[in-house]
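K.L.:
-8 is the number of the first residue of the sequence shown in our numbering; add one for each residue after it. We put the beta carbon where it would ideally sit given N, CA and C, even for glycine.
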Amino acid sequence: SRASRSAEGNAPWQLAAPFASLEGKASRATMGKARAPPVASAVLTTLFLGQVFWSFFVLRNVRIGEVKALVAFPAAMVFVLLILRVTKYAGSSVAVGFFGANKMNARKFGDQTWQFLIHTSMTALELYVLRGEKWYMDPPEAFKEFGVEEKLEVDVLYLVQLAIWVITCFSHHFLESRHKDYVLMYVHHIVTIALILLSWSFRLQKIGVSVLYVHDASDISIDLLKMSNYLKLEGPSNLFAVEIIFVLNLVSWFWWRVYQFPFNIVRACILDGFIPLYAQVCTSSLLSQFSCYSFIYLLLALCVMHLWWLYLLLRIAYKLVLSPGKGHDAGRDEYEGDSSDEDEANEADKADKVD
-8 SRASRSAEGN APWQLAAPFA SLEGKASRAT MGKARAPPVA SAVLTTLFLG
42 QVFWSFFVLR NVRIGEVKAL VAFPAAMVFV LLILRVTKYA GSSVAVGFFG
92 ANKMNARKFG DQTWQFLIHT SMTALELYVL RGEKWYMDPP EAFKEFGVEE
142 KLEVDVLYLV QLAIWVITCF SHHFLESRHK DYVLMYVHHI VTIALILLSW
192 SFRLQKIGVS VLYVHDASDI SIDLLKMSNY LKLEGPSNLF AVEIIFVLNL
242 VSWFWWRVYQ FPFNIVRACI LDGFIPLYAQ VCTSSLLSQF SCYSFIYLLL
292 ALCVMHLWWL YLLLRIAYKL VLSPGKGHDA GRDEYEGDSS DEDEANEADK
342 ADKVD
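Here it is as structure tokens:
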């Protein structure tokens, strides 16, 4: 029956579903509109799977305190996957039960609840690691005492972040609804995993902590914006929640992603890290040279992606000015995909109720 199929599809403990089944869920979540280019998706998925093997290679001789990283990493991924499934299920249930969201928006709200949990918890952990350190406020400090073994908290943070990003990338392709920037976000996830692995390999975790902090801290407002948008908390009847959070997010994005990241952190990576340490780190082999240049160019790629997302935010801002109280429609047009997706979801909800 339809009810039994729905219950089966929403069970939070289905952790070992075959890839084909997961692909089908992701495809149904798009409602047939926001499908990714198959070639790009296949290439990116191949790169991602390669990164999973690369992760185990990098971690083969690493210890987190007294524990081998090769043991801790799979355990961390399983734990993260459990939290992901439970959080998404809880978020979707709240969206339906308390706000009456349709199935599509409830699913997206659940996806974003997971992101909000990760970004807030990781920001707190990064602030804990950065306490008493100058790595963020004075990025060149991150390259002093290069090669010295890092404190335990840094390695723990890196292990947890690597597990989170691998599971997030897996979820992005196999589990989540697809938006207009599906390919760009997939690229972003792969770039981030590569930067974590490269900085860990070169013992550049100090500056890596600052990179992670800037991204996690600035993503919190993005999560709140998307969650309020999926619940349609816009206009005077909802105290302009979407509009207010959007303005705060625009300021936050510009400060963290457009100013702090390129002009402080990436600049320090090039002038205080790459250039002075090139002879010491990058000249031992052709692979090390390739890795060093890749590290810098991947950071620059993040800068370009940040500018693209700023452009999308400004387009949404323009539509908000032209049509006040229509934040949900503006976000749907610029980011979520074809506007008929939601119409189809509403129609599916009505059909379920009739049945």
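What does the alpha-carbon distance come out to for the pair T114 and E167?
P.N.:
When rounded, the distance between both Cα atoms is 23 Å.
K.L.:
Write down the C-beta distance between H297 and D207 rounded to the nearest angstrom, noting that I regard them as a contact closer than 8 Å.
P.N.:
So it is not a contact: roughly 14 Å between Cβ atoms.
K.L.:
From the DSSP secondary-structure annotation, give me the bridge partner or partners of I55.
P.N.:
BP columns for I55 point to V58.
K.L.:
Nearest to A372 by CA position, among L313, S219, L278, L289, is which residue?
P.N.:
The structure shown does not extend to residue 372, since the chain is modelled only from -8 to 346, so the question has no answer here.
K.L.:
Give the straight-line distance between the Cα atoms of L290 and V30, rounded to the nearest whole angstrom.
P.N.:
Spanning the two alpha carbons is a distance of roughly 25 Å.
K.L.:
How would you write the range of the alpha helix (DSSP H) that C283 sits in, first residue to last?
P.N.:
Per DSSP, C283 belongs to the alpha helix (DSSP H) from 277 to 313.
K.L.:
What span of residues does the alpha helix (DSSP H) with C260 cover, start to end?
P.N.:
Careful: C260 lies outside any alpha helix (DSSP H) and carries neither H nor E.
K.L.:
Between W247 and V200, is the Cβ-Cβ spacing less than 9 Å?
P.N.:
Not a contact, by the Cβ cut-off of 9 Å.
K.L.:
Near S243, which residues of its chain fall below 7 Å by C-beta distance, leaving aside the five closest residues on each side in sequence?
P.N.:
The residues are S209, S212.
K.L.:
For T183, does the count of other Cβ atoms within 10 angstroms reach 16, so buried, or fall short, so exposed?
P.N.:
T183 is buried by the Cβ-count criterion.
K.L.:
Closer than 8 Å is the cut-off here; do at least three beta carbon pairs connect the segment 279 to 294 with the segment 173 to 192?
P.N.:
The segment 279 to 294 vs the segment 173 to 192: in contact.
K.L.:
Going by Cα to Cα distance, which pick from S46, L72, V71 is closest to A60?
P.N.:
The shortest C-alpha separation from A60 is found at S46.
K.L.:
Give the DSSP-derived three-state secondary structure of M95 in the structure shown.
P.N.:
Helix, per DSSP.
K.L.:
By a C-beta neighbour count over all protein chains shown, 10 Å radius and 16 as the cutoff for buried, is F265 buried or exposed?
P.N.:
Per the 10 Å Cβ criterion, buried.
K.L.:
Can you tell me whether C160 is helix, strand or coil according to DSSP?
P.N.:
Residue state, collapsed to three classes: helix.
K.L.:
For R54, count neighbouring C-beta atoms within 10 Å of its own C-beta (all shown protein chains included) and say buried if the count is 16 or more, exposed if not.
P.N.:
The residue is exposed, with fewer than 16 neighbouring Cβ atoms inside 10 Å.
K.L.:
Determine the DSSP secondary structure at H170, reduced to helix, strand or coil.
P.N.:
Coil at H170, not helix or strand.
K.L.:
Would you tell me roughly how many angstroms separate the C-alpha atoms of S228 and H170, rounded to the nearest one?
P.N.:
Taking the straight line joining both Cα atoms gives about 28 Å.
K.L.:
Out of curiosity, what's the CA-to-CA distance linking D129 and N93?
P.N.:
Going from the Cα of D129 to the Cα of N93 covers about 47 Å.
K.L.:
Near K99, which residues of its chain fall below 7 Å by C-beta distance, leaving aside the five closest residues on each side in sequence?
P.N.:
Once the five neighbours on either side are set aside, the close Cβ partners of K99 are S168, Y221.
K.L.:
Between the alpha carbons of L288 and E117, how many angstroms are there, rounded?
P.N.:
Reading off the sequence shown, one finds Tyr at residue 288, where the question assumed Leu. Answer to the nearest angstrom: the Cα atoms are 24 Å apart.
K.L.:
For T274, which residues of its own chain have a beta-carbon under 8 Å away from its beta-carbon, when the five flanking residues on both sides are left out?
P.N.:
Once the five neighbours on either side are set aside, the close Cβ partners of T274 are Q280.
K.L.:
Is it the case that the Cβ atoms of K197 and F134 are separated by a distance below 9 Å?
P.N.:
Yes.
K.L.:
Can you tell which of K142, G91, L230 has its C-alpha closest to the C-alpha of R122?
P.N.:
Cα-wise, what sits closest to R122 is K142.
K.L.:
Tell me whether S18 is buried or exposed, calling it buried when 16 or more other Cβ atoms sit within 10 Å of its Cβ.
P.N.:
Confidence is the limiting factor: at S18 the pLDDT is only 41, short of 50, which leaves the residue's position unreliable and the question unanswerable from this model.
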